[in-house]
């Protein structure tokens with residue numbers, strides 16, 4: 148499992164891209180996707196909704212369980228990935244590419260996001 152170095156990671160297994168014009172992309176990691184199993188349903192936040200760092204903003208349902216989706220940052224949702232809503236298996240097959248979940252205009256970023264190496268070390272073993 149390889150976590151892209153340019154991303155940052157939450158302890159809840161979400162990844163966050165560097166902001167472009169104040170907007171970052173959020174998804175879940177390959178580690179989380181593998182732990183969930185086959186994702187069959189994605190409930191994503193609404194465009195225009197406000198999310199808070201560390202708070203629940205949706206859920207992913209798999210053949211094994213339902214897991215809450217947390218926002219790694221505070222801000223306003225600017226886009227959701229309709230492809231994932233239509234085909235939730237993208238979360239499993241392309242967690243860092245086509246399986247992204249939402250974009251957020253960041254208003255506050257917590258200081259506890261992890262680098263790729265820190266996230267990998269946290270989940271090793």
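In the numbering used here, the protein residues as written are 148 to 272. For every residue, glycine included, the Cβ atom is placed at its ideal position computed from N, Cα and C.
Start-end ranges of the beta strand (DSSP E) lying completely within the stretch 188 to 240, minimum 3 residues: The stretch 188 to 240 contains these whole beta strand (DSSP E) runs: 203 to 209, 213 to 217, 221 to 227.
Whose CA, out of 216, 268, 269, lies closest to the CA of residue 192? Here the closest residue by C-alpha is 216.
Report, in whole angstroms, the separation of the C-beta atoms of residue 255 and residue 166, which I expect to be a contact under 8 Å. Contact doesn't hold; Cβ gap of about 12 Å is too wide.
Just checking, does the stretch 245 to 255 make contact with the stretch 204 to 221 on the three C-beta pairs under 8 Å criterion? Contact between the stretch 245 to 255 and the stretch 204 to 221 is present, because at least three Cβ pairs lie under 8 Å.
Under the rule that 16 or more other beta-carbon atoms within 10 Å means buried, what is residue 240, buried or exposed? By the 10 Å Cβ count, residue 240 comes out exposed.
N- and C-terminal bounds of the alpha helix (DSSP H) containing residue 255: Counting along the chain, residue 255 falls outside any alpha helix (DSSP H), though it belongs to the beta strand (DSSP E) covering 249 to 255.
Quick check on the burial criterion: 16 or more other C-beta atoms within 10 angstroms. Buried or exposed for residue 186? Around the C-beta of residue 186, 16 or more other C-beta atoms lie within 10 Å, and the residue is accordingly described as buried.
May I have the straight-line CA-CA distance separating residue 219 from residue 210, to the nearest angstrom? Those two C-alpha atoms are separated by around 25 Å.
Taking the alpha-carbon of residue 212 as reference, which of 152, 189, 174, 265 has the nearest alpha-carbon? Per the C-alpha coordinates, the member of 152, 189, 174, 265 positioned closest to residue 212 is 189.
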